[in-house]
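Visitor: Each number in this note's numbering corresponds to the 1-based position in the sequence shown with 1317 added.
If you scroll down you'll find the structure; I have some questions about it.
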Amino acid sequence: MNLLDRDAHCVWHPYSAMGAGQPTFPVASAAGVRIRLSDGRELIDGMSSWWSAIHGYNHPVLNSAARRQLEDMAHVMFGGLTHAPAVTLAERLIDVSPEGLEIVFFADSGSVSVEAAMKMAIQYQIARDCPGRQRFLTPRSGYHGDTLHAMSVCDPVTGMHRFFEGVMPRQVFVAPPAPRYGEPCEPIDLASLEAALARHHEELAAVILEPIVQGAGGMRFYSADYLAAVRRLCDEYGLLLIADEIATGFGRTGRLFACEHAGIAPDIMTVGKALTGGYMTLAAVLTTREVADTIGRGDPGLFMHGPTFMANPLACAVANASVDLLLESPWQARVAAIEEGLRDGLSPCAELTHVADVRCLGAIGVVELRAPVNMQQVQPLFVEEGVWVRPFGRLVYLMPPFVMEEDDLAALCAAVVSVVERLVEWEGYCVPAGAGSPI
Ligand SMILES: *Cc1c(COP(=O)(O)O)cnc(C)c1O
């Protein structure tokens, strides 16, 4: 049996059904901004493997960091033991992250870091003698991961809450931020949030949101003033603010962390995805000494979480190399150039009647269609064009590695324009509203 048949027989892919015959492409290798398929075709990468491979693939600096660490150890448990890669990474993260975040808790994936962040907020409120504060407020259109508690704060519609109602905690949802990035936030834009806070604050542990860019829940870019207002309201009501920077962290929006657009610091921040430059899975929760000390003084006096592969040395070593590589590179200029390239390259889409919106921020470009894309049929069109792009719902979006050169970016955008133009033949390429695949 060939690889594809073996795969189809027993391997379950993300958000997919076994036996549904979704197009799947075997990869032989990847280097720089190109993914090489087993049949020899090369695809320009428009996805950075879900926001993570910011330096491109097979990077000599990251490869050598991994090799060096392998000589010492791939892994040791983190209970009762520590090691230089973890301590160094914690110090680096504290150094570059918003003011006041001084403590790092490592986790093994983004979703797990969100779980840890939520448990941290609950334990904090218990330790402050507010045991009734166990729920979370969040804007709709968000995405925070796939485990049950993380799912509970994802958008209820795209997050498929209706299938999990019996087991998922019920959170407090408010309207998604209305003012777009760059626009001011008017009092009316805060009405939903203020009403929900006034009504529910005594049951709430924290507000959780993705700062500035709502990613997999809708690819929306919203006003920095809205984020600043959320910070102010959290303080007024004694709530923690959890900023989920898993997608936005490490430069993607043009700032190192998206919170910087609003000049705010959260009480808890999650990072993941680009943390290891896309090499392996690692995430972290950063928090303030105040939160950590309060939990320490409460009952049981411990933070109740500890993954088996917490602070995996190999992942930490690569993360250290990746953060250094980013900070030593002209990343601001690169991201700004990508933003301009995306704006230029995707602009022809804005003329199309079946396109609702085209928007770009940092190294993110989004073409929002009026109806959801049928990914099964659209995905192969992108591959035929020589690019790797994976739309979801009504969104065709690009988030290329920061190292992408101008000509590759132009080719990537041209391929998107070419495919999106063809989508005007709705039948076949689009499916009814609500039936889109979530990722
Ligand atoms: C991807 C993502 C997560 C989940 O991370 P995983 O590593 O997939 O578990 C959480 N929050 C945001 C904002 C994300 O983009």
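We put the beta carbon where it would ideally sit given N, CA and C, even for glycine.
In this text the structure is predicted, and so the values were computed from the model without any measurement.
1. Pick out whichever of E1607, I1612 and N1637 has its Cα sitting closest to the Cα of L1599.
2. Who are the near neighbours of L1418 in its chain, counting only those whose CB is closer than 7 angstroms to its CB and skipping five residues on each side?
3. For a minimum of 3 consecutive residues, which ranges assigned as the beta strand (DSSP E) are wholly contained in the region 1357 to 1407?
4. Buried or exposed: R1739, going by 16 or more other Cβ atoms within 10 Å of its Cβ?
5. Run the Cβ filter for me: residues under 7 angstroms from any heavy atom of ligand 1, listed in the order they occur in the chain.
6. What is the rounded straight-line gap between the Cα of M1716 and the Cα of R1572?
7. Please state if the CB of M1437 and the CB of V1608 are separated by a distance shorter than 8 angstroms.
8. Secondary structure at C1502, three-state DSSP: helix, strand or coil?
9. Can you give me the C-alpha to C-alpha distance between T1464 and V1431, rounded to a whole angstrom?
10. Check P1755 in the structure and name its three-state DSSP category.
11. Using only CA atoms, which one of A1434, G1534, M1621 and A1512 lies nearest to P1708?
12. With DSSP collapsed to three states, give me the class of G1535.
13. Which of helix, strand or coil does DSSP assign to A1628?
14. Looking at I1525 and D1561, is the spacing between their C-beta atoms short of 8 angstroms?
15. How many angstroms separate the CA atom of G1295 from the CA atom of G1427?
16. Mind checking which residues open and close the beta strand (DSSP E) that includes C1677?
17. Excluding the 5 residues flanking A1444 on each side, which residues of the same chain have their C-beta closer than 7 angstroms to its C-beta?
18. What residue does the beta strand (DSSP E) around G1658 start on, and which one ends it?
19. For E1702, count neighbouring C-beta atoms within 10 Å of its own C-beta (all shown protein chains included) and say buried if the count is 16 or more, exposed if not.
20. Count the other CB atoms, across all protein chains shown, that sit within 10 Å of the CB of I1563; report buried if there are 16 or more and exposed otherwise.
21. Between the C-alpha atoms of D1425 and M1627, what's the straight-line distance to the nearest angstrom?
22. Which residues mark the beginning and the end of the beta strand (DSSP E) in which G1490 is found?
23. Does the structure place the region 1361 to 1369 close enough to the region 1722 to 1742 that three or more beta carbon pairs sit under 8 angstroms?
24. By Cβ distance, which residues of its chain are closer than 6 angstroms to C1633, with the 5 residues on each side in sequence left out?
25. Could you check which residue in A1673, F1567 and S1458 has the C-alpha nearest to that of E1757?
26. Compute the distance between the beta-carbons of L1686 and V1672, then report whether it is under 8 angstroms.
27. So, for A1750: in the same chain, excluding its five sequence neighbours on each side, which residues have a beta-carbon less than 7 angstroms away from its beta-carbon?
28. Might you give, ordered along the chain, the residues of its own chain that have their beta carbon closer than 6 angstroms to the beta carbon of A1541, omitting 5 neighbours on each side?
29. How is P1749 classed by DSSP in three states: helix, strand or coil?
Guide: In short:
1. In terms of CA proximity to L1599, N1637 leads the group E1607, I1612 and N1637.
2. The beta carbon of L1418 lies closer than 7 angstroms to those of I1411, A1582, M1586, L1603, T1604 and T1605 in the same chain, with the five residues before and after it left out.
3. 1359 to 1362
4. exposed
5. W1367, W1368, S1426, G1427, S1428, V1429, V1431, Y1460, H1461, G1462, D1463, A1467, E1527, G1532, A1533, D1561, I1563, A1564, T1587, G1589, K1590, T1598 and A1600
6. 15 angstroms
7. yes
8. coil
9. 9 angstroms
10. Any reading at P1755 needs caution, since the residue's pLDDT is 46, under 50, leaving its predicted position unreliable; the model's value is listed next. The answer is coil: DSSP assigns P1755 none of H, G, I, E or B.
11. G1534
12. coil
13. DSSP places A1628 in the coil class of the three-state scheme, outside both helix and strand.
14. yes
15. Nothing can be reported for residue 1295: it is not among the residues displayed for the chain, which extend from 1318 to 1756.
16. Residues V1672 to L1678.
17. The beta carbon of A1444 sits closer than 7 angstroms to the beta carbons of T1611, I1612, R1614 and G1615 from its chain, once the five residues preceding and following it are set aside; these are given in chain order.
18. Here G1658 belongs to no beta strand (DSSP E); instead the alpha helix (DSSP H) covers W1648 to L1663.
19. buried
20. Counting Cβ neighbours within 10 Å, I1563 comes out buried, since at least 16 surround it.
21. 6 angstroms
22. Position check: residue 1490 holds Phe in this sequence, whereas Gly was assumed. It spans V1489 to V1491 - the beta strand (DSSP E) in which F1490 sits, taken as one unbroken run.
23. Three or more Cβ pairs drawn from the region 1722 to 1742 and the region 1361 to 1369 lie within less than 8 angstroms of each other, which places the two stretches in contact.
24. Correct list, in chain order: P1402, A1403 and L1406.
25. The shown model of the chain, from 1318 to 1756, leaves out residue 1757, and the question about it has no answer.
26. The answer is yes: Cβ separation under 8 angstroms.
27. Any reading at A1750 must be qualified, since the residue scores a pLDDT of 45, below 50, and its modelled position is unreliable; the value itself is stated next. Excluding sequence neighbours, A1750 sits near A1688 and P1689.
28. H1578 and A1579
29. Residue placement at P1749 is poorly supported in this model, since its pLDDT is 47, which falls under 50; the coordinates still yield a value, given next. Coil.
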